[in-house]
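Notes for the one structure printed next.
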Ligand SMILES: Cc1cc2nc3c(=O)[nH]c(=O)nc-3n(C[C@H](O)[C@H](O)[C@H](O)COP(=O)(O)OP(=O)(O)OC[C@H]3O[C@@H](n4cnc5c(N)ncnc54)[C@H](O)[C@@H]3O)c2cc1C
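And the structure:
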């Protein structure tokens with residue numbers, strides 16, 4: 095049995111069903127836990143980043159549990175490449191356990207840490223935890239990567255059955271946690287100040303307790319998910335993405351919830367979890383997608399949309415009510431419903447003709463659940479440059495999307511209150527309202543709400559030309 099093991103926590107902020115922690119507790123006398131505020135990541139964030147609240151609150155929940163067990167979480171800040179080896183030396187650690195992170199930056203960082211630790215005689219072990227099947231596991235018969243979702247999903251289920259349809263639960267024996275003398279609680283520290291950020295009110299309650307509560311609530315309507323998931327105003331998706339992103343809950347917890355029932359709702363929801371895994375493996379196997387199109391031909395598109403259009407999109411002032419409502423919701427809450435992500439992404443690329451990379455970067459800055467693989471996959475799908483993308487000539491009509499998925503304008507009115515007086519179809523396209531209708535609605539176009547920043551029909555044709563030209567050349 096090893097003497098001292100460090101579990102380095104990253105995007106797995108929980109104490110249950112945790113693969114690295116489980117293995118550490120099984121094989122070591124004293125297990126230490128540490129989290130590093132990575133300055134390379136933090137330096138790129140705005141000073142009022144709501145994700146920092148979520149992380150700090152998650153760490154506090156963990157710390158509160160650890161304190162009850164006579165131990166504590168070590169919080170470090172700096173570059174993990176320096177901090178982890180330094181901590182190991184100080185605490186006489188002989189091995190470091192961590193759960194694998196498949197993002198290119200994380201992979202490069204981990205390999206540097208591993209090599210420095212090796213030089214100091216310390217072992218570095220990584221474990222599969224954040225996905226059920228990872229890169230290299232789901233392969234075609236000719237041993238290639240699946241580039242289309244449905245066959246990937248079919249193989250995912252096949253392999254799941256072949257392995258006994260068993261969802262492991264990595265329950266760590268927390269009795270192995272190192273008992274610490276003079277433990278100082280991290281919970282009272284002003285982490286925002288320490289890290290050079292400004293604290294803003296939390297928009298979500300972070301932590302495992304809340305994540306479990308959400309799953310429990312969702313269990314009451316998961317059977318309707320196949321239908322209800324498309325209607326933003328109904329708010330009937332699980333709203334669990336920020337929790338899985340930060341690891342307050344495990345992917346196995348989600349799969350257990352999805353496989354608990356046999357309704358269409360259960361089935362479709364489980365397949366969303368598999369979409370998440372699909373995009374994780376795409377990023378891991380094709381890291382070029384981080385900067386460029388999955389399908390190389392699409393890199394030659396000359397995006398002709400300008401700053402005016404991009405700024406209107408970002409601020410929710412395009413004159414297209416559903417797009418504006420969605421963007422205002424994102425700006426205020428850090429969240430956006432999946433249907434709306436597809437609508438605004440398609441609108442940016444195929445109506446405003448602004449590159450998907452710009453939209454992707456804006457989402458990355460704003461989304462609480464920002465995940466490089468899922469975000470990139472979603473944007474490339476919308477721009478048709480991705481793996482299993484919709485064909486480029488299929489362009490979402492923002493008006494019909496609005497009429498179909500927010501028929502009564504309930505979501506629109508929530509985020510664009512200046513449009514609340516419009517009724518019928520005018521809520522979806524107020525630019526069609528005449529002066530009398532505008533006066534009755536108490537909303538003057540061009541004053542209270544903008545005219546459409548571009549003409550949809552005209553731009554649709556331009557988009558088709560733009561794509562056609564790039565793909566021919
Ligand atoms: C342009 C665009 C950008 C996106 N960016 C992100 C992102 O940064 N982070 C993120 O987690 N999801 C992203 N998604 C996927 C999806 O919109 C969100 O996962 C979902 O809206 C989160 O809400 P929920 O937890 O209620 O999801 P539910 O509908 O309840 O689904 C359950 C879980 O399945 C996973 N999931 C669902 N749909 C997808 C999908 N299409 N791709 C990958 N995983 C999925 C998520 O982990 C989600 O929490 C993006 C989609 C698009 C079109």
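Residue numbers (this note's numbering): 95 to 567.
Ideal Cβ placement from N, Cα and C applies to all residues, glycine included.
Collapsed DSSP secondary structure at residue i in the structure displayed
{"i": "residue 97", "result": "strand"}
{"i": "residue 171", "result": "strand"}
{"i": "residue 219", "result": "strand"}
{"i": "residue 193", "result": "strand"}
{"i": "residue 461", "result": "coil"}
{"i": "residue 131", "result": "strand"}
{"i": "residue 437", "result": "helix"}
{"i": "residue 233", "result": "strand"}
{"i": "residue 239", "result": "strand"}
{"i": "residue 139", "result": "coil"}
{"i": "residue 298", "result": "coil"}
{"i": "residue 548", "result": "coil"}
{"i": "residue 104", "result": "coil"}
{"i": "residue 111", "result": "coil"}
{"i": "residue 523", "result": "coil"}
{"i": "residue 472", "result": "helix"}
{"i": "residue 384", "result": "helix"}
{"i": "residue 499", "result": "helix"}
{"i": "residue 293", "result": "coil"}
{"i": "residue 447", "result": "coil"}
{"i": "residue 352", "result": "helix"}
{"i": "residue 485", "result": "coil"}
{"i": "residue 407", "result": "helix"}
{"i": "residue 555", "result": "helix"}
{"i": "residue 453", "result": "helix"}
{"i": "residue 224", "result": "coil"}
Closer than 7 Å: residue i CB and nearest ligand 1 heavy atom
{"i": "residue 431", "result": "yes"}
{"i": "residue 196", "result": "no"}
{"i": "residue 328", "result": "no"}
{"i": "residue 331", "result": "yes"}
{"i": "residue 436", "result": "yes"}
{"i": "residue 129", "result": "no"}
{"i": "residue 373", "result": "yes"}
{"i": "residue 457", "result": "yes"}
{"i": "residue 464", "result": "yes"}
{"i": "residue 324", "result": "no"}
{"i": "residue 52", "result": "The requested residue 52 does not occur in the structure, where the chain is confined to residues 95 to 567."}
{"i": "residue 335", "result": "yes"}
{"i": "residue 378", "result": "no"}
{"i": "residue 318", "result": "no"}
{"i": "residue 369", "result": "yes"}
{"i": "residue 539", "result": "no"}
{"i": "residue 135", "result": "no"}
{"i": "residue 229", "result": "no"}
{"i": "residue 224", "result": "no"}
{"i": "residue 468", "result": "yes"}
{"i": "residue 363", "result": "yes"}
{"i": "residue 293", "result": "no"}
{"i": "residue 439", "result": "yes"}
Whole-angstrom C-beta distance between residue j and residue i, which should lie under 8 Å
{"i": "residue 272", "j": "residue 125", "result": "6 Å"}
{"i": "residue 521", "j": "residue 540", "result": "In fact, because the Cβ distance is near 18 Å, the residues do not count as touching under 8 Å."}
{"i": "residue 224", "j": "residue 383", "result": "Not a contact, Cβ separation roughly 18 Å."}
{"i": "residue 218", "j": "residue 211", "result": "5 Å"}
{"i": "residue 201", "j": "residue 175", "result": "Actually they do not touch by this definition, with Cβ atoms about 13 Å apart."}
{"i": "residue 166", "j": "residue 181", "result": "At roughly 13 Å, the Cβ-Cβ gap does not stay under 8 Å, so residue 166 and residue 181 are not in contact."}
{"i": "residue 573", "j": "residue 379", "result": "Given that the chain is displayed from residue 95 to residue 567, the structure contains no residue 573 and the question cannot be resolved."}
{"i": "residue 106", "j": "residue 133", "result": "So it is not a contact: roughly 20 Å between Cβ atoms."}
{"i": "residue 496", "j": "residue 415", "result": "6 Å"}
{"i": "residue 115", "j": "residue 159", "result": "Going by Cβ atoms, the distance from residue 115 to residue 159 rounds to 12 Å, so no, they are not a contact pair."}
{"i": "residue 396", "j": "residue 564", "result": "7 Å"}
{"i": "residue 352", "j": "residue 360", "result": "6 Å"}
{"i": "residue 336", "j": "residue 148", "result": "6 Å"}
Beta-bridge pairing of residue i - partner residues as DSSP gives them
{"i": "residue 125", "result": "99, 271"}
{"i": "residue 561", "result": "In DSSP, residue 561 forms no bridge with anything."}
{"i": "residue 539", "result": "543"}
### Query
Okay, do the region 433-444 and the region 452-466 touch, 3+ Cβ pairs below 8 Å being the bar?
yes
### Query
Is the number of C-beta pairs between the region 357-375 and the region 240-258 that are closer than 8 Å three or more?
yes
### Touch test, the region 393-407 against the region 544-562, Cβ-Cβ under 8 Å, three pairs minimum
yes
### Task
May I ask you to verify whether the region 216-234 touches the region 408-416, counting CB pairs closer than 8 Å and requiring at least 3?
no
### Message
Could you check whether the region 140-152 touches the region 289-304, counting it as contact only if at least three pairs of C-beta atoms, one from each stretch, sit closer than 8 Å?
### Response
yes
### Query
So does the region 184-203 actually touch the region 98-109, counting three or more Cβ pairs closer than 8 Å?
yes
### Message
For the region 305-312 against the region 335-350, do three or more pairs of beta-carbon atoms, one drawn from each stretch, fall closer than 8 Å, so that the two count as touching?
### Response
yes
### Task
Determine, using beta-carbon pairs with one atom in the region 439-454 and one in the region 475-484, whether at least three such pairs fall under 8 Å.
yes
### Query
Is the region 327-339 touching the region 416-424, taking contact as three or more C-beta pairs under 8 Å?
no
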